[in-house]
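A.B. asks: Pasting in a structure now, in structure tokens, and then I'll have a few things to ask.
Residue numbers (the numbering used here): 86 to 222.
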């Protein structure tokens, strides 16, 4: 995921209202790069799920929202990092319906389907890093 970064915003995710703020910033960025309304909704939904995962499962962390360009199109890249317990089995965590808690089990797998690029790295005991990109069409 090498892209030219045009602008970056970093935010802490420590409390519920931080998840709301991430949603707002992602929506503003999606509008700025002229994502369609459907693609805006997909990206905001994915970012909301990932921010909530960062808070609930990772114990809080950080989001980095970037306006990116790959030479022919613009997009929004969102990265979520935590230093929580990590994900012991990434393949299992990406299966629809799998949940580590009381959720529907659609957070990671659903987020992956909503974006154009998805990268997940996690180590037990060291935290999780999820990066997504949605491109303007």
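The C-beta atom is built at its ideal place from N, Cα and C for all residues, glycine as well. These numbers come from a predicted model, not from an experiment.
Which residues in the same chain as residue 193 place their Cβ atom closer than 6 Å to its Cβ, once the five residues preceding and following it in sequence are excluded?
C.D. replies: Excluding sequence neighbours, residue 193 sits near 178 and 179.
A.B. asks: In whole angstroms, what is the alpha-carbon distance linking residue 109 and residue 158?
C.D. replies: Cα to Cα, residue 109 sits roughly 22 Å from residue 158.
A.B. asks: Between the beta-carbon of residue 165 and the beta-carbon of residue 139, is there less than 8 Å?
C.D. replies: Yes, these two residues count as a Cβ contact at 8 Å.
A.B. asks: Work out the CA separation of residue 156 and residue 137 for me, nearest whole Å.
C.D. replies: Answer to the nearest angstrom: the Cα atoms are 32 Å apart.
A.B. asks: Just the C-alpha distance for residue 98 and residue 220, rounded to the nearest angstrom, thanks.
C.D. replies: Roughly 24 Å between the two C-alpha positions.
A.B. asks: Using the Cα positions of residue 121 and residue 127, report the straight-line distance between them to the nearest angstrom.
C.D. replies: When rounded, the distance between both Cα atoms is 10 Å.
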